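*Asks:* According to full-length UniProt numbering, the sequence shown is numbered sequentially starting from 1. Beta carbons: idealized from backbone N, C-alpha and C, even for Gly. All values reported here derive from a predicted model rather than from experimental measurement. Let me give you the structure first, and then I'll get to my questions.
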Amino acid sequence: MSPRPRARRPRRGAARRTGLAALLGGVVALTALTALPATALTGDEDDLGARALRDEGWSEPSLELADLTQAAPVHPMTPPLSAVTRMYPSYYADGCHVGRRGTEVAQGCVYGDPEGDVEVAVLGSSKVGQYFPALEEIALREGWRLRMYTKLACSFVDEPEPSYPECDAYKVALREHLQDHRPDLVLTGGMRREVPEGYTRTWTWLREELGVEQVVGLWDSPVPSDGNPSACVAETLADGGDLRSCAVSLRESRSGNPSMREAADRVPGAMFVDLRDWVCPTTYLSPRCAAVVGRAQLYGSGSHLVPTYTATLTDPLHQRLHEAGVAAYRPSVDRVGGADRYATAALLTRDVEPGGRVFLTSGRDFPDALAAAAKAGAGGEAVLLTGGPALPSATREALLRLAPSEVVVVGGEDAVPETVAEQVAELAPVDRVSGRDRHETAAALALVEPVQERGIVVVATGADFPDALAAAGRAGQQGAPILLVRETEVPEATAAALRDLDPARIVVVGGEGAVSSAVAEDLESLGSSVERIGGSDRYATAALLAGQGAEVLHVGSGVSFADALAAGPVAAAQGGSVLLTAPDRVPTATREALERIRPERVVLTGGSGAVGEDVRRALLRLTS
């Protein structure tokens, strides 16, 4: 058995140490930290960069020692150094960033929602343009028509540039252009120092002459004063050194921030949005700032943040704009999606406390996993998935992190081969629960401890997944097992389990097309009262099961079961439910449930291939 790697921190909902004092307490342990395996990162990881600093929300960052990356992998991976110094925001490729010699305003350059009612102008140098990855996504969420007006090293401020006449000429042209294309909102920034009067004049002109409703100055990343962080990271990765040695000083005096702050205090309707804490959080390195946070490199060329890092600032920036009254919505939807169904299930277990029981089931079919989800949810336990003759690496890593007291393998050897069970047995004690078919397996699992006396049993069809998937969260909260039936028949294994359980109430999930009235009558004849919860379709049934209130709701695909299989126990542990959505739209029943429940947060399970980004944005607008 290989040495067990360092466990990752608890996430979202788990208790976390915060602040400088907590970090100072961990300095002694620095030498004990081991390097993560040098595997490639895609940039889509939901704990990359600034996203690693999130705890319960996006208002303030919450830092742990492990968030300061020590070794590979990082994103983007270097050397060569050009991997970061030549990374530019995508709008550059559209000809929408004016170079040093240019003096004309780039035409078009509209992003976000081209049909949006609110026009937002981004004015300034490449230092405000660096936020484009975040601003483009925020514009799509808000329905903004986003126009980019940036020029190399040319801050939009009413102060001459004696050594840069092209900048002065461009600013004159831009003012004329804005007279004919008046924005509703201006987002600006720049690195001009000691020019508060210039910013004050410019922002006053925008407000009073153009009628701009709000002017927002965005935090300018300071020029590092004692080193080249991007070069240091490339060299340190090549040498296998400690990336924390690349920390640099980022003095606010080496940025445009003091001048913009002063102007924001002077001009009504203007404000300054600070992001320093999401780029340089307070740590034991302070006042120096780490060059890699959450496995993501911060700096590219000069004082510019790498686009891959500013993309991770989307939710923090959106939250700050919402709190300032600039953005109508807030970043209320988190996506949990791994490279495949096994990785997604593993990610969903990050809030589970180590040392408990884990259920392992096939990710290639749904029945065993859904029955396991209800049982796991009752005890705050985890469900992990496997497929094929070998344990998936994501599942193995999750088992190492969870250090379970027992792993319950659910299903026969056709579902989970014995070779997989043997691999798991190297990590924890293993017990297999199975039957000759899905009905027998669910029945056997229902009798695994703990078992409620005269409790509730949930019954769903074993022929399809949506009803049982939606029911798993609620069943777990109530300590209720899920048993499976055929459309027109109660299998003997299910009937026998009901006789053993002797429930006070049976909840049939799904309409008569899924579980016939004859089956409901047969269930009632076993001596329990029977209640049916069923809507006009799978989405309506899930909405009915969701109840009236929850702080957190999970939403999964109603078309493909794979990514949402492990959401049930997580939803149960958080007192929530699982709603279903179509891949490309939010069904009416789901929308109405969200409007009724008004959760603080929605967790969307699965990648964008399972549920599209437009659906994520629609969910965000429904829950803000």
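For THR188, which of MET271, SER249 and PRO160 has the nearest alpha-carbon?
*Replies:* As a first step, residue 188 is located in the sequence shown; it is residue number 188 there, counting from the start. Checked all of MET271, SER249 and PRO160; the closest Cα to THR188 is MET271.
*Asks:* Start and end of the beta strand (DSSP E) containing MET148?
*Replies:* Counting from one through the sequence shown, the residue named residue 148 turns up at place 148. Where MET148 is concerned, the enclosing beta strand (DSSP E) stretches over 144-151.
*Asks:* Find the nearest neighbour of VAL409 within the set ALA398, VAL485, THR441 and GLU489, judged by alpha-carbon distance.
*Replies:* Here residue 409 refers to the residue found at position 409 when the sequence shown is read from its first residue. It is THR441 whose Cα lies nearest to the Cα of VAL409.
*Asks:* Quick check on the burial criterion: 16 or more other C-beta atoms within 10 angstroms. Buried or exposed for ALA290?
*Replies:* Locating residue 290 in the sequence shown gives position 290, where the first residue counts as 1. With 16 or more Cβ atoms within 10 Å of its Cβ, ALA290 is classed as buried.
*Asks:* By DSSP, does ASP113 sit in helix, in strand, or in coil?
*Replies:* Translated into positions along the sequence shown, residue 113 becomes position 113. Three-state DSSP puts ASP113 in coil, outside helix and strand.
*Asks:* Quick check on ASP368: buried or exposed, where buried means 16 or more other Cβ atoms within 10 Å of its Cβ?
*Replies:* For this step, residue 368 is matched to residue 368 along the sequence shown. Buried, because 16 or more other Cβ atoms sit within 10 Å of the Cβ of ASP368.
*Asks:* Can you say whether LEU313 is buried or exposed, counting buried as having 16 or more other CB atoms within 10 angstroms of its CB?
*Replies:* Position 313 of the sequence shown, counting from 1, holds the residue named residue 313. Classification for LEU313: buried.
*Asks:* Would you call the segment 125-140 in contact with the segment 593-612, where contact means no fewer than 3 C-beta pairs closer than 8 Å?
*Replies:* These segments do not touch.
*Asks:* Quick one: Cα of TRP278 to Cα of GLU161, how far?
*Replies:* Here residue 278 is taken as the residue at index 278 of the sequence shown, counted from 1. Here residue 161 is taken as the residue at index 161 of the sequence shown, counted from 1. Going by the C-alpha atoms only, they are around 32 Å apart.
*Asks:* Are there three or more Cβ pairs, one per stretch, closer than 8 Å when the segment 83-96 is compared with the segment 343-362?
*Replies:* No contact exists between the segment 83-96 and the segment 343-362.
*Asks:* Given this structure, state the Cα-to-Cα distance separating ARG616 from LEU140, to the nearest angstrom.
*Replies:* Stepping through the sequence shown from its first residue, residue 616 is reached at position 616. Stepping through the sequence shown from its first residue, residue 140 is reached at position 140. Taking the straight line from one Cα to the other gives about 11 Å.
*Asks:* Give the straight-line distance between the Cα atoms of HIS181 and TYR149, rounded to the nearest whole angstrom.
*Replies:* If you number the sequence shown from 1, residue 181 lands on position 181. If you number the sequence shown from 1, residue 149 lands on position 149. So the alpha carbons of these two residues sit roughly 12 Å apart.
*Asks:* Please say whether VAL293 and ARG254 have beta carbons closer to each other than 8 Å?
*Replies:* Taking the sequence shown and counting its residues from 1, the one referred to as residue 254 is at position 254. Taking the sequence shown and counting its residues from 1, the one referred to as residue 293 is at position 293. Result no, Cβ atoms of ARG254 and VAL293 do not sit closer than 8 Å.
*Asks:* Per DSSP, what kind of secondary structure is VAL538 in: helix, strand or coil?
*Replies:* Position 538 of the sequence shown, counted from the start, is the residue given in the question as residue 538. The sequence given here places Arg at residue 538; Val does not occur at that position. It is helical.
*Asks:* Of all the options SER517, ASN257, GLU512 and GLU551, which has the alpha carbon lying nearest to the alpha carbon of SER536?
*Replies:* For this step, residue 536 is matched to residue 536 along the sequence shown. Taking only the C-alpha atoms, the option nearest SER536 is GLU512.
*Asks:* Looking at ALA371 and ILE482, is the spacing between their C-beta atoms short of 8 Å?
*Replies:* Translated into positions along the sequence shown, residue 482 becomes position 482. Translated into positions along the sequence shown, residue 371 becomes position 371. Contact flag set, yes.
*Asks:* Can you find at least 3 beta carbon pairs, one from the segment 231-245 and one from the segment 74-81, that sit closer than 8 Å?
*Replies:* Yes: the two stretches touch, three or more of their Cβ pairs being nearer than 8 Å.
*Asks:* Which class does GLY363 belong to by DSSP, given the choice of helix, strand or coil?
*Replies:* In the sequence shown, counting from the first residue as 1, residue 363 sits at position 363. Looking at GLY363 - three-state DSSP - the assignment turns out to be coil, as it is neither helix nor strand.
*Asks:* Determine the direct distance from the alpha carbon of LEU427 to that of ALA403, and round the result to whole angstroms.
*Replies:* To locate residue 403, count along the sequence shown from 1; it is residue 403. To locate residue 427, count along the sequence shown from 1; it is residue 427. C-alpha separation (whole angstroms): 8 Å.
*Asks:* Within its chain, find whatever has a CB closer than 6 Å to the CB of LEU317; leave out the 5 residues flanking it on each side and keep chain order.
*Replies:* Translated into positions along the sequence shown, residue 317 becomes position 317. Closer than 6 Å at Cβ, skipping near neighbours: ALA134.
*Asks:* Roughly how many whole angstroms lie between the Cα atoms of ARG601 and VAL459?
*Replies:* Here residue 601 refers to the residue found at position 601 of the sequence shown. Here residue 459 refers to the residue found at position 459 of the sequence shown. So the two alpha carbons sit approximately 29 Å from each other.
*Asks:* Hey, quick one: how far does the alpha helix (DSSP H) through MET260 stretch, first residue to last?
*Replies:* As a working mapping, residue 260 is identified with position 260 in the sequence shown. Note, MET260: alpha helix (DSSP H), 257-266.
*Asks:* Taking the straight line between their C-alpha atoms, what separation do you get for ARG598 and GLY547?
*Replies:* Residue numbering aside, residue 598 sits at position 598 when the sequence shown is read from its first letter. Residue numbering aside, residue 547 sits at position 547 when the sequence shown is read from its first letter. One C-alpha to the other measures close to 11 Å.
*Asks:* Pick helix, strand or coil for THR314, following the three-state DSSP scheme.
*Replies:* Within the sequence shown, residue 314 is the residue found at index 314, counting from 1. Correct three-state label for THR314: helix.
*Asks:* Quick check: what's the CA-CA separation for ARG6 versus GLU531?
*Replies:* To locate residue 6, count along the sequence shown from 1; it is residue 6. To locate residue 531, count along the sequence shown from 1; it is residue 531. Note that ARG6 scores a pLDDT of 29, beneath 50, so its modelled location is shaky; the value from the coordinates is reported in the next line. So the two alpha carbons sit approximately 47 Å from each other.
*Asks:* Can you name, in chain order, every residue of its own chain whose Cβ lies under 7 Å from the Cβ of ARG335, other than the five neighbours on each side?
*Replies:* For the purposes of this step, residue 335 is taken as residue 335 along the sequence shown, with counting starting at 1. Counting only Cβ-Cβ distances below 7 Å, and skipping sequence neighbours, we find ASP46, LEU604 and ARG616.
*Asks:* Please report the distance separating the alpha-carbon of ASP315 from that of ALA550.
*Replies:* Against the sequence shown, residue 315 aligns to sequence position 315. Against the sequence shown, residue 550 aligns to sequence position 550. Distance between the alpha carbons of ASP315 and ALA550: 22 Å.
*Asks:* Indicate whether ALA504 and GLY455 have their beta-carbon atoms separated by less than 8 Å.
*Replies:* Walking along the sequence shown from the start, residue 504 turns up at place 504. Walking along the sequence shown from the start, residue 455 turns up at place 455. Yes; because the gap between Cβ atoms is below 8 Å, this pair is in contact.
*Asks:* Helix, strand or coil for THR308, going by three-state DSSP, please let me know.
*Replies:* Position 308 of the sequence shown holds residue 308. THR308 falls in the helix class under three-state DSSP.
*Asks:* Could you pull out every residue in the same chain whose Cβ sits closer than 6 Å to the Cβ of SER434, ignoring the five residues on either side in sequence?
*Replies:* The residue given as residue 434 occupies position 434 in the sequence shown. Hits under 6 Å: GLY411, GLY412 and THR441.
*Asks:* Look at the alpha carbon of LEU544 and the alpha carbon of PRO258, and state the distance between them as a whole number of angstroms.
*Replies:* On the sequence shown, residue 544 is found 544 positions in, with the first residue counted as 1. On the sequence shown, residue 258 is found 258 positions in, with the first residue counted as 1. The alpha-carbon atoms of LEU544 and PRO258 are separated by roughly 53 Å.
*Asks:* Determine the contact status of VAL407 and VAL383, defining contact as a CB-CB distance below 8 Å.
*Replies:* In the sequence shown, counting from the first residue as 1, residue 407 sits at position 407. In the sequence shown, counting from the first residue as 1, residue 383 sits at position 383. Result no, Cβ atoms of VAL407 and VAL383 do not sit closer than 8 Å.
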